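Peer 1: For reference, the structure I am asking about is given below.
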Amino acid sequence: MTAPLLSVQDLMVRIGPLRPISCIGFDVAAGEMLGIAGESGSGKSLTLRAILGLLPSSASVEGRVLWAGQDLLQLSPRALAGVRGREIGMVFQEPMMALNPVLPIGLQITESLRAHLGLRGAAARTRAAELLDRVGIPAARERLGSFPHEFSGGMRQRAMIAIALAAEPKLLLADEPTTALDVTIQDQILKLLLRLRDELAMSVVLVTHDLGVIAETCDRVVIVYAGRVQESGPVAEIFARPAHAYTEGLLRSLPDPRRARQRLVPIAGSPPDPTELPAGCPFAPRCPAAIPACLATVPPLAPAGPRRVSACLRAGELTARALAPA
Amino acid sequence: MSQALTVASRRRWAWKVAPGPAIGAVLMGLLLLCAIAPGALAPYSPLAFDYHALLKPPSAAHWFGTDNFGRDILSRVIYASRIDMQIAVFSTSFPFLFGTALGCLLGYFGGIGDTIFLRLVDMIITMPFLVLVIAIVAVLGPGLLNMYIAISVVDWIFYARIVRAEVLVQKRRDYIAAAEVMGYGPTRIIFRHLLPNVVTPAIIYWMTDAALAVLLGSSLGYLGLGAQPPTAEWGVLIADGKNFMTTAWWMSIFPGFAIVAAGAGFSLVGDGVAAALRRRG
Numbered sequence: 000m001t002a003p004l005l006s007v008q009d010l011m012v013r014i015g016p017l018r019p020i021s022c023i024g025f026d027v028a029a030g031e032m033l034g035i036a037g038e039s040g041s042g043k044s045l046t047l048r049a050i051l052g053l054l055p056s057s058a059s060v061e062g063r064v065l066w067a068g069q070d071l072l073q074l075s076p077r078a079l080a081g082v083r084g085r086e087i088g089m090v091f092q093e094p095m096m097a098l099n100p101v102l103p104i105g106l107q108i109t110e111s112l113r114a115h116l117g118l119r120g121a122a123a124r125t126r127a128a129e130l131l132d133r134v135g136i137p138a139a140r141e142r143l144g145s146f147p148h149e150f151s152g153g154m155r156q157r158a159m160i161a162i163a164l165a166a167e168p169k170l171l172l173a174d175e176p177t178t179a180l181d182v183t184i185q186d187q188i189l190k191l192l193l194r195l196r197d198e199l200a201m202s203v204v205l206v207t208h209d210l211g212v213i214a215e216t217c218d219r220v221v222i223v224y225a226g227r228v229q230e231s232g233p234v235a236e237i238f239a240r241p242a243h244a245y246t247e248g249l250l251r252s253l254p255d256p257r258r259a260r261q262r263l264v265p266i267a268g269s270p271p272d273p274t275e276l277p278a279g280c281p282f283a284p285r286c287p288a289a290i291p292a293c294l295a296t297v298p299p300l301a302p303a304g305p306r307r308v309s310a311c312l313r314a315g316e317l318t319a320r321a322l323a324p325a
Numbered sequence: 000m001s002q003a004l005t006v007a008s009r010r011r012w013a014w015k016v017a018p019g020p021a022i023g024a025v026l027m028g029l030l031l032l033c034a035i036a037p038g039a040l041a042p043y044s045p046l047a048f049d050y051h052a053l054l055k056p057p058s059a060a061h062w063f064g065t066d067n068f069g070r071d072i073l074s075r076v077i078y079a080s081r082i083d084m085q086i087a088v089f090s091t092s093f094p095f096l097f098g099t100a101l102g103c104l105l106g107y108f109g110g111i112g113d114t115i116f117l118r119l120v121d122m123i124i125t126m127p128f129l130v131l132v133i134a135i136v137a138v139l140g141p142g143l144l145n146m147y148i149a150i151s152v153v154d155w156i157f158y159a160r161i162v163r164a165e166v167l168v169q170k171r172r173d174y175i176a177a178a179e180v181m182g183y184g185p186t187r188i189i190f191r192h193l194l195p196n197v198v199t200p201a202i203i204y205w206m207t208d209a210a211l212a213v214l215l216g217s218s219l220g221y222l223g224l225g226a227q228p229p230t231a232e233w234g235v236l237i238a239d240g241k242n243f244m245t246t247a248w249w250m251s252i253f254p255g256f257a258i259v260a261a262g263a264g265f266s267l268v269g270d271g272v273a274a275a276l277r278r279r280g
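Quick mapping for you: the protein sequence lines, in order, are chains E and C. Taking numbering that gives the first Met the number 0, the leading residue of the first sequence gets 0, the next gets one more, and so forth. Taking numbering that gives the first Met the number 0, the leading residue of the second sequence gets 0, the next gets one more, and so forth.
What follows is the structure, given as structure tokens:
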């Protein structure tokens, strides 16, 4: 296997007494679309922000974020600024909040072209129009002067993507890019991301709480719970044969389109309070398959088949049977 | 084509002319006209003595009457508007520019500079503004230039405070995080991305402040600390007239009206600008 494009290792984030991220690690291969899934508060968005050093100064970050042979967490602000935008782009959940309300869209794109590629004037405007066109905004040249509030929600997210892609980064971090959009627009944006990944040969890390989105778009998935990676591996295999009781619980709580009017099986309880995490597996208190050993110590990530890891003590038993209809 | 047209027309500021700002604009227009071309409007020289017409009440020859040296009050009020408009602009421009820029930096970076600033604010606001300015003028010596300096030294702090508070709110918004992950440096983020989003309250305060500056300037002129006689300045004119209040009321009343007109003009226009900016944002 070739060296990964981005490698996050043992990432830990402390904010005061809280430890919203205990231990998160994953690799992103070139050209890959990686999904990070988890419930609200599991630390998935925080992980993206930690990668690019966007956390407030009150947070302390440990671990390593390896990018092109250097640790992003150790870089000077100036060196980090050279990576941000130019090599790694980011798209946010709520495009209305993430676009500057008082600057025209065109200017927000040309600014990146100017800062990162040294393009100016007419050349920059032409390139900006091309970018808007590429993300599917009609009459791109006329829209360069429009302000974010003149765009619809889906158009704003497209514009946001165009801005993030202006400097042709090798990796795009997408933080719930479709959560604020309605379902038809969601689908368009996901297709757009897939198409752009192929056209620009970049990698995408897609953070979402929607397993449907992951199933539709991603090559591999990382399942995060209470600030820890619980399981990761190829999407098709994990969805067919989860190797973690938590993943299985998540999949059981999804509606199955092949069966009408079924009862969904929710996961009992709620995620642990980050101020008092359990001593053992963080999922154990809610886990129907928990055994005494689960409560004792945090289970380490262990191989669970080719290219798969799981932090579940009963991974072997789980993968032995295909996900049975509940 | 029609779509492009509507987009273009929406982009222009929708100025709905409310009566208040319209009156303000007329007052401001008149004063600006006086300030720009006093020679064209004033019937007499502001400094010309006429010993045949001392302390004359308003008449067809002297609409606002004459003073104890026979100088035409209307001409003096018109020439004075040049000085007073100058006060409004000069004594507020530096505080606006410096205070806004500093407020951006303090709010964005925080740290020790911000802490020192807050203590400075605490100190300054315990003292009445006028008293503080008078104290500084007393040290520097009376005169217009020293008055500008005195006002500027104190006034920037209010702009910085307003802008700093707004920056603290705006810098937590995602578009600033987005600019940071685009790899932009702090200078670009502060002045390109943050400034246009935080400057509105400072502009609105600037309008109010210009009105206050006219009042302050004429107050200091009245007290003999600002413009010096025989320069025509509204506060100086009122001071000139105060000994003749019972016999020649017109000497003080008309400059007083001019001050009221300037204050009302700035405030009403400021309201209009505030409404327009709010509608846009």
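Positions of the beta carbon are idealized from the N, C-alpha and C atoms, including for glycine. Keep in mind it's a predicted model, so treat the numbers as computed, not measured.
How many angstroms separate the CA atom of arginine 317/E from the CA atom of glycine 248/E?
Peer 2: On the first sequence, residue 317/E is found 318 positions in, with the first residue counted as 1. On the first sequence, residue 248/E is found 249 positions in, with the first residue counted as 1. Note on residue identity: the sequence assigns leucine, not arginine, to residue 317/E. Distance between the alpha carbons of leucine 317/E and glycine 248/E: 12 Å.
Peer 1: Can you give me, in chain order, the residues of the stretch 168 to 187 of chain C that have a beta carbon less than 8 Å from any beta carbon in chain E?
Peer 2: The residues in question are Arg172, Asp173, Tyr174, Ala176, Ala177, Ala178, Glu179, Val180, Met181, Gly182, Tyr183, Gly184, Arg187.
Peer 1: Can you find a C-beta in chain C that's less than 9 Å from the C-beta of proline 324/E?
Peer 2: By 1-based counting over the first sequence, the position of residue 324/E is 325. Note that proline 324/E scores 49 on pLDDT, short of 50, meaning its location in the model is unreliable and no value can be drawn from it.
Peer 1: Should the stretch 149 to 161 of chain E be called in touch with the stretch 62 to 77 of chain E, which here means at least 3 C-beta pairs below 8 Å?
Peer 2: No, they do not touch.
Peer 1: Under 9 Å between the Cβ atoms of glycine 24/E and leucine 10/E?
Peer 2: Taking the first residue of the first sequence as 1, we reach residue 24/E at position 25. Taking the first residue of the first sequence as 1, we reach residue 10/E at position 11. It is a contact, given that the beta carbons lie within the stated cut-off.
Peer 1: Which ranges would you report for the beta strand (DSSP E) in the stretch 16 to 89 of chain C if only whole runs of at least 3 residues count?
Peer 2: The stretch 16 to 89 of chain C contains no whole beta strand (DSSP E) run of 3 or more residues.
Peer 1: Rounded to a whole number of angstroms, what is the C-alpha to C-alpha distance between proline 287/E and alanine 244/E?
Peer 2: Here residue 287/E refers to the residue found at position 288 when the first sequence is read from its first residue. Here residue 244/E refers to the residue found at position 245 when the first sequence is read from its first residue. Each residue's alpha carbon lies about 8 Å from the other.
Peer 1: Is alanine 158/E near the ligand PLP, with its Cβ less than 8 Å from a heavy atom?
Peer 2: With respect to the ligand PLP, the structure shown offers nothing to examine, as it has no ligands at all.
Peer 1: Taking DSSP's pairing of strands, which residues face proline 299/E in a bridge?
Peer 2: For the purposes of this step, residue 299/E is taken as residue 300 along the first sequence, with counting starting at 1. DSSP output for proline 299/E lists no bridge partner at all.
Peer 1: Among all the DSSP beta bridges, which residues are the ones paired with proline 233/E?
Peer 2: Locating residue 233/E in the first sequence gives position 234, where the first residue counts as 1. Paired residues: Arg219/E.
Peer 1: Where leucine 131/C and leucine 211/C are concerned, what is the direct C-alpha to C-alpha distance, given to the nearest angstrom?
Peer 2: Against the second sequence, residue 131/C aligns to sequence position 132. Against the second sequence, residue 211/C aligns to sequence position 212. For leucine 131/C and leucine 211/C, the distance between alpha carbons rounds to 15 Å.
Peer 1: For the stretch 70 to 80 of chain C against the stretch 19 to 39 of chain C, do three or more pairs of beta-carbon atoms, one drawn from each stretch, fall closer than 8 Å, so that the two count as touching?
Peer 2: The stretch 70 to 80 of chain C vs the stretch 19 to 39 of chain C: in contact.
Peer 1: List the endpoints of the continuous alpha helix (DSSP H) containing threonine 109/E.
Peer 2: If you number the first sequence from 1, residue 109/E lands on position 110. 104 to 111 is the extent of the alpha helix (DSSP H) around threonine 109/E.
Peer 1: Is there a Cβ from chain E that is less than 9 Å from the Cβ of arginine 191/C?
Peer 2: Position 192 of the second sequence holds residue 191/C. Taking Cβ atoms only, chain E reaches closer than 9 Å to arginine 191/C, which makes this a yes.
Peer 1: In or out: valine 168/C buried (at least 16 other Cβ within 10 Å) or exposed?
Peer 2: On the second sequence, position 169 is the one that residue 168/C refers to. Counting Cβ neighbours within 10 Å, valine 168/C comes out exposed, since fewer than 16 surround it.
Peer 1: Straight-line CA distance for isoleucine 108/E to valine 197/C?
Peer 2: The residue labelled residue 108/E in the question sits at position 109 within the first sequence. The residue labelled residue 197/C in the question sits at position 198 within the second sequence. Distance between the alpha carbons of isoleucine 108/E and valine 197/C: 21 Å.
Peer 1: Whose C-beta lies closer than 6 Å to the C-beta of alanine 58/E among residues of the same chain, with five residues either side of it excluded?
Peer 2: The sequence position of residue 58/E within the first sequence is 59, counting from 1. These residues qualify, in order along the chain: Val12, Ile14.
Peer 1: Glycine 269/C to aspartate 49/C, Cα distance in whole Å?
Peer 2: Taking the second sequence and counting its residues from 1, one reaches residue 269/C at position 270. Taking the second sequence and counting its residues from 1, one reaches residue 49/C at position 50. Spanning the two alpha carbons is a distance of roughly 40 Å.
Peer 1: Taking only three categories from DSSP, how would you classify glycine 110/C?
Peer 2: Residue 110/C sits at position 111 when you count from the first residue of the second sequence. Note: glycine 110/C maps to helix in three-state DSSP.
Peer 1: Reducing DSSP to helix, strand and coil, say where valine 153/C ends up.
Peer 2: To locate residue 153/C, count along the second sequence from 1; it is residue 154. Note: valine 153/C maps to helix in three-state DSSP.
Peer 1: Does the beta carbon of proline 282/C sit closer than 9 Å to a beta carbon anywhere in chain E?
Peer 2: Here chain C has residues from 0 to 280 only, and residue 282/C is not among them.
Peer 1: Our contact map puts glycine 226/E next to serine 21/E with C-beta atoms below 8 Å; I'd like the distance itself, whole angstroms only.
Peer 2: Numbered from its first residue, the first sequence carries residue 226/E at position 227. Numbered from its first residue, the first sequence carries residue 21/E at position 22. Right, the Cβ-Cβ distance comes to about 4 Å (below 8 Å), so this counts as a contact.
Peer 1: Which residues in the same chain as alanine 238/C place their Cβ atom closer than 6 Å to its Cβ, once the five residues preceding and following it in sequence are excluded?
Peer 2: Here residue 238/C refers to the residue found at position 239 of the second sequence. Contacts found: Tyr221.
Peer 1: Have a look at glutamate 187/E and glutamate 31/E and give me their C-alpha separation to the nearest angstrom.
Peer 2: Residue numbering aside, residue 187/E sits at position 188 when the first sequence is read from its first letter. Residue numbering aside, residue 31/E sits at position 32 when the first sequence is read from its first letter. Residue 187/E is actually glutamine in this sequence, not glutamate. So the two alpha carbons sit approximately 19 Å from each other.
Peer 1: Grouping DSSP H, G and I as helix and E and B as strand, with all else coil, what is alanine 263/C?
Peer 2: Taking the second sequence and counting its residues from 1, the one referred to as residue 263/C is at position 264. It is helical.
Peer 1: Are there three or more Cβ pairs, one per stretch, closer than 8 Å when the stretch 193 to 212 of chain E is compared with the stretch 171 to 180 of chain E?
Peer 2: Output reads yes: the stretch 171 to 180 of chain E touches the stretch 193 to 212 of chain E.
Peer 1: To the nearest angstrom, how far is it from the Cα of proline 228/C to the Cα of arginine 142/E?
Peer 2: Locating residue 228/C in the second sequence gives position 229, counting from the first residue. Locating residue 142/E in the first sequence gives position 143, counting from the first residue. Near 59 Å, if we compare the C-alpha coordinates of arginine 142/E and proline 228/C.
Peer 1: In chain C, which residues lie less than 9 Å from alanine 114/E when you measure between Cβ atoms?
Peer 2: Stepping through the first sequence from its first residue, residue 114/E is reached at position 115. Within 9 Å Cβ-Cβ: Met181, Gly182, Tyr183, Gly184, Arg187.
Peer 1: Closest to glycine 219/C by C-alpha separation, out of Tyr147/C, Ser92/C, Phe256/C, would be which residue?
Peer 2: Residue mapping note: residue 219/C aligns to position 220 of the second sequence, counting from 1. The displayed chain sequence assigns leucine, not glycine, to residue 219/C. If we check each option's Cα against that of leucine 219/C, Tyr147/C comes out closest.
Peer 1: Going along chain C in order, which residues have a C-beta closer than 9 Å to the C-beta of arginine 83/E?
Peer 2: If you number the first sequence from 1, residue 83/E lands on position 84. By Cβ distance, chain C contributes Glu179, Val180, Met181, Gly182, Tyr183.
Peer 1: With 16 other CB atoms within 10 Å as the buried threshold, where does phenylalanine 116/C fall?
Peer 2: In the second sequence, counting from the first residue as 1, residue 116/C sits at position 117. Phenylalanine 116/C is buried by the Cβ-count criterion.
Peer 1: When DSSP labels each residue in this structure, what does methionine 11/E get in the three-state scheme?
Peer 2: For the purposes of this step, residue 11/E is taken as residue 12 along the first sequence, with counting starting at 1. Methionine 11/E falls in the strand class under three-state DSSP.
Peer 1: Would you mind giving the Cβ-Cβ distance between glycine 120/E and glycine 144/E, rounded to the nearest angstrom? I have them listed as a contact below 8 Å.
Peer 2: For the purposes of this step, residue 120/E is taken as residue 121 along the first sequence, with counting starting at 1. For the purposes of this step, residue 144/E is taken as residue 145 along the first sequence, with counting starting at 1. About 15 Å; that fails the 8 Å criterion.
Peer 1: Can you check DSSP and say which residues form a bridge with arginine 63/E?
Peer 2: What you label residue 63/E is simply residue 64 of the first sequence in a count that begins at 1. Answer by DSSP bridge pairing, in chain order: Gln8/E.
Peer 1: Out of Cys311/E, Ala314/E, Ile87/E, Gly34/E, which has the shortest C-alpha to C-alpha gap to tyrosine 330/C?
Peer 2: This structure cannot speak to residue 330/C, because chain C is shown only from 0 to 280.
Peer 1: Run through DSSP, which three-state label would arginine 258/E get?
Peer 2: Counted from its first residue, the first sequence places residue 258/E at position 259. In the structure shown, arginine 258/E sits in coil (DSSP, three-state: anything other than H, G, I, E or B).
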